[in-house]
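Q: Take a look at this one; I'll ask things after.
Number of protein chains: 2
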Amino acid sequence: MVLMKERLIALFGAAPDEYLSGSEISRQLHVSRTAIWKHIQALKEDGYTFEASPRLGYKLLSVPDTLQPSDIASLLRTKTLGRTVHCYEEVDSTQNIAHRLVQAGAEEGTLIVAERQTTGRGRLGRHWHSPKGKGIYMSLVVKPDIPLHMTPHLTLLAAVALCRAIRRVVPEVSPGIKWPNDLLIDGKKISGILLESSAENENLQYIITGVGISCNLQKEDYPEELLPKATSLYMESGKRVDRAALIAEFLLQLEELFDLYMSQGFGPIRTLWEASAVTLGQSVRSSDPNGEYEGTAVGLNDWGGLVLKLADGTLKTIYSANARESGHM
Amino acid sequence: MVLMKERLIALFGAAPDEYLSGSEISRQLHVSRTAIWKHIQALKEDGYTFEASPRLGYKLLSVPDTLQPSDIASLLRTKTLGRTVHCYEEVDSTQNIAHRLVQAGAEEGTLIVAERQTTGRGRLGRHWHSPKGKGIYMSLVVKPDIPLHMTPHLTLLAAVALCRAIRRVVPEVSPGIKWPNDLLIDGKKISGILLESSAENENLQYIITGVGISCNLQKEDYPEELLPKATSLYMESGKRVDRAALIAEFLLQLEELFDLYMSQGFGPIRTLWEASAVTLGQSVRSSDPNGEYEGTAVGLNDWGGLVLKLADGTLKTIYSANARESGHM
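Chains as they are written, first to last, in the working numbering: chain A, 1 to 329; chain B, 1001 to 1329.
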């Protein structure tokens, strides 16, 4: 099967922008036209696109966009982040790979990218839909020299960095941040960020920043139940996204914002976060062991908690991302 | 070898408080007197103590103090902590076992205790000296419902709990806390606490609280180089410590202080910590990327950082336990 795929690709590669008829392919590869149709379908699943004409046959339109470390390296303008990149065809979860690499001594800034995740995960152990070659599924190892209690600032910083990177690479869209670090376009989720941190006493050991971005997914790539609340950069902009460019831009934004944070503290990050937030002004429900709360989100506190103004005018800060927006989310 | 040890123990068990001569043992077990001497040495290493008389032979004085889950359970007065106990003869590190158990779903309050650790670890990956049966080497799984940025409070809370537990069970000694959570008696280290925490974004997933306490170690149990800076409860009090009682008391103190923390916040914990601290008033050196600092420790800030008063009168808060006291430590 694999060999036949490669022979088909070679055949189309030798005749760029031309139609190859089913009978011509059949003659050259010594297989039936039904077998050819099956192999074409398999190639489509791998990300190849074809134009099919009953009269002329098949024309190869595009080869899959697979990420290579060299693609990212050629665009990278960072000092440290992403200077070591590991690309995988398929993994259970890039977070798991990153944890293993850290245990084995992976250095600051090591990036893990996969074309597909079988058990990609989001917040609270939720599944992250990761179809092959269509999204960015990556995990970044960082070992920031900050005390543990400041780690939540980085959760917000990462969202600001990704928001800015998307706006630069895909200027047609304007994502907003849903507290703490989901990105939405018109209320639909475009990406999720998960920071898994590990500490010894007050010393942060490392953070693995997992990022999932729906780049070139089309409507048919989503399960029916996700369509009302998920979208992709392609669906919103009408253009294919250069994933390597978006990764390189995100790493640059992240590094620059982290330098800003280290020199000026949380203040500027908070300002940037609030300027891009869609959560502020919205009604947010939350619960803790003492009961349920509902209030209007008015801002962040010094520790990245979301400040709610309750119906009686009192302020309450929530920290858990279990908070639910009232309404459709 | 093992079989011979068991036969020797059985022989002494059948003659309590009596001397058994070398020739008598030799006759009954059909081994040479040199072999008997070797087996007695091996038993001593396992924690058995003997009196040896050139004329009378050997008398068994005490069998090793091995911890059993039932010993701890019978003394336990907690609601949750330590309600599940796993005791091991020898492990690499109780922290490692605890991490594995958490991944496998271990519940809140699960306690891991070992008689011996081959690679017991303290802060910053330092080795923790863990001779067999002489200390308490334990790890506790907790999943407190607090935001990540409050975790450093628990580092200090654990030190207060252990300090109070030791004072109750061994009233002859009066340990003090060295920031953040080492316990000292007269400047010598008696125990260390290491909290390894894991978080997803601002949500704390779990903390593994590792505690090492030097209980019944004697001078000869220490490598020469540790003697100037380490001591044991036995060496300081002159009495053997009931390890199960100390574990049960620590868990009770920890649970009660945590309830206090959840109802009244960090204030009372800070007061208790400061009242037991040996660090306050001392000169402390610290370094960060911006340089070296030296100042007098004057208290804790709201986030558990140590506030130093520098020579020029300004205050500086340090968070990293890399801070070194000036002088002998």
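Backbone N, C-alpha and C define an ideal beta-carbon position, used for all residues, glycine too.
Because the structure is a prediction, the values reported are computed rather than measured.
(1) On a CA-only basis, which of B/1162, B/1184, B/1176 is nearest residue 1251 of chain B? Give me that one, please.
(2) With residue 1088 of chain B as the anchor, note down where its beta strand (DSSP E) starts and where it stops.
(3) Does the distance from the C-beta atom of residue 1213 of chain B to that of residue 1154 of chain B stay below 8 Å?
(4) The ligand FAD and residue 55 of chain A: does the residue's C-beta get closer than 7 Å to at least one heavy atom of that ligand?
(5) In whole angstroms, what separates the C-alpha of residue 150 of chain A from that of residue 303 of chain A?
(6) Quick check on residue 1199 of chain B - is its C-beta less than 8 Å from some C-beta in chain A?
(7) Under 8 Å Cβ to Cβ from residue 1326 of chain B, same chain only, skipping five residues before and after it: list those, please.
(8) What would DSSP say about residue 1019 of chain B, mapped onto helix, strand or coil?
(9) Closer than 9 Å, Cβ to any Cβ of chain A: which residues of the stretch 1162–1194 of chain B, in chain order?
(10) Check for me: the beta strand (DSSP E) holding residue 1141 of chain B runs from which residue to which?
(11) Closer than 8 Å by beta-carbon distance: list the chain A residues that pair up with residue 1147 of chain B, in chain order.
(12) Below 7 Å CB to CB, which residues in the same chain sit around residue 135 of chain A once its five sequence neighbours on both sides are set aside?
(13) On the DSSP bridge list, what partners appear for residue 50 of chain A?
(14) Take residue 1059 of chain B as the anchor and find which of B/1065, B/1040, B/1073, B/1256 has the nearest alpha-carbon.
(15) Of all Cβ atoms in chain A, is any one closer than 8 Å to the Cβ of residue 1203 of chain B?
(16) Using DSSP bridges, identify the partner residues of residue 1080 of chain B.
(17) Is the beta carbon of residue 1118 of chain B sitting closer than 8 Å to the one on residue 1145 of chain B?
(18) Does residue 324 of chain A come out as helix, strand or coil in the three-state DSSP assignment?
(19) Do you know whose CA, among A/56, A/37, A/26, A/7, lies nearest residue 17 of chain A's CA?
(20) Would you mind giving the Cβ-Cβ distance between residue 111 of chain A and residue 140 of chain A, rounded to the nearest angstrom? I have them listed as a contact below 8 Å.
(21) Can you give me the C-alpha to C-alpha distance between residue 158 of chain A and residue 72 of chain A, rounded to a whole angstrom?
(22) Over the uninterrupted alpha helix (DSSP H) stretch that includes residue 1267 of chain B, give me the two end residues.
(23) Output the residue ranges of the alpha helix (DSSP H) runs that lie fully inside the stretch 110–194 of chain A and measure 4 residues or longer, sorted by chain position.
(24) In the DSSP assignment, find the unbroken beta strand (DSSP E) run with residue 102 of chain A in it and report its ends.
(25) Decide if the stretch 184–194 of chain A is in contact with the stretch 160–176 of chain A; the criterion is three or more beta carbon pairs, one per stretch, under 8 Å apart.
(26) Please state whether the Cβ-Cβ distance between residue 1306 of chain B and residue 1317 of chain B is less than 8 Å.
(27) Anyone know if the C-beta pair for residue 1148 of chain B and residue 152 of chain A falls short of 8 Å?
(28) With 16 as the cutoff for other CB atoms within 10 Å, does residue 262 of chain A come out buried or exposed?
(29) Within 8 Å of any Cβ in chain A, is that where the Cβ of residue 1274 of chain B sits?
(30) Leaving out five residues on either side along the sequence, give the residues of the same chain with a beta carbon under 6 Å from the beta carbon of residue 1114 of chain B.
(31) Closest by CA to residue 1106 of chain B, which one among B/1127, B/1084, B/1122, B/1121?
(32) Assuming residue 1079 of chain B and residue 1108 of chain B form a contact by the criterion Cβ under 8 Å, report the distance between their Cβ atoms to the nearest whole angstrom.
(33) Return helix, strand or coil for residue 288 of chain A, following the three-state DSSP convention.
(34) CB-CB under 7 Å to residue 1230 of chain B, same chain, minus the five flanking residues each way: which ones, in chain order?
(35) Distance cutoff 8 Å, beta carbons only. Does residue 279 of chain A sit that close to anything in chain B?
(36) Cβ closer than 9 Å: which chain B residues qualify as neighbours of residue 107 of chain A?
A: So, from the data block:
(1) B/1162
(2) 1085–1088
(3) no
(4) In the structure on display, the ligand FAD does not appear, and there are no ligands present to speak of.
(5) 7 Å
(6) yes
(7) Residue placement at residue 1326 of chain B is flagged as unreliable, the pLDDT there being 42, under the threshold of 50; the coordinate-derived value follows with that caveat. Cβ within range, chain order: 1282, 1283, 1284, 1285, 1294.
(8) coil
(9) 1180, 1181, 1193, 1194
(10) 1135–1142
(11) 152, 303, 305, 319, 320
(12) 212, 213, 214, 215, 217
(13) A/60
(14) B/1040
(15) yes
(16) Paired residue(s): none; residue 1080 of chain B is not in a bridge.
(17) no
(18) In this prediction, residue 324 of chain A scores a pLDDT of 48, lower than 50, which makes its location untrustworthy; no coordinate-derived value is stated.
(19) A/56
(20) 5 Å
(21) 19 Å
(22) 1266–1276
(23) 151–169
(24) Run containing residue 102 of chain A: none in the beta strand (DSSP E); it sits in the alpha helix (DSSP H), 94–103.
(25) yes
(26) yes
(27) yes
(28) exposed
(29) no
(30) 1088, 1091, 1094, 1137
(31) B/1084
(32) That pair is no contact at about 10 Å.
(33) strand
(34) 1188, 1189, 1214, 1222
(35) no
(36) Within 9 Å Cβ-Cβ: nothing; residue 107 of chain A doesn't reach chain B, min ~17 Å.
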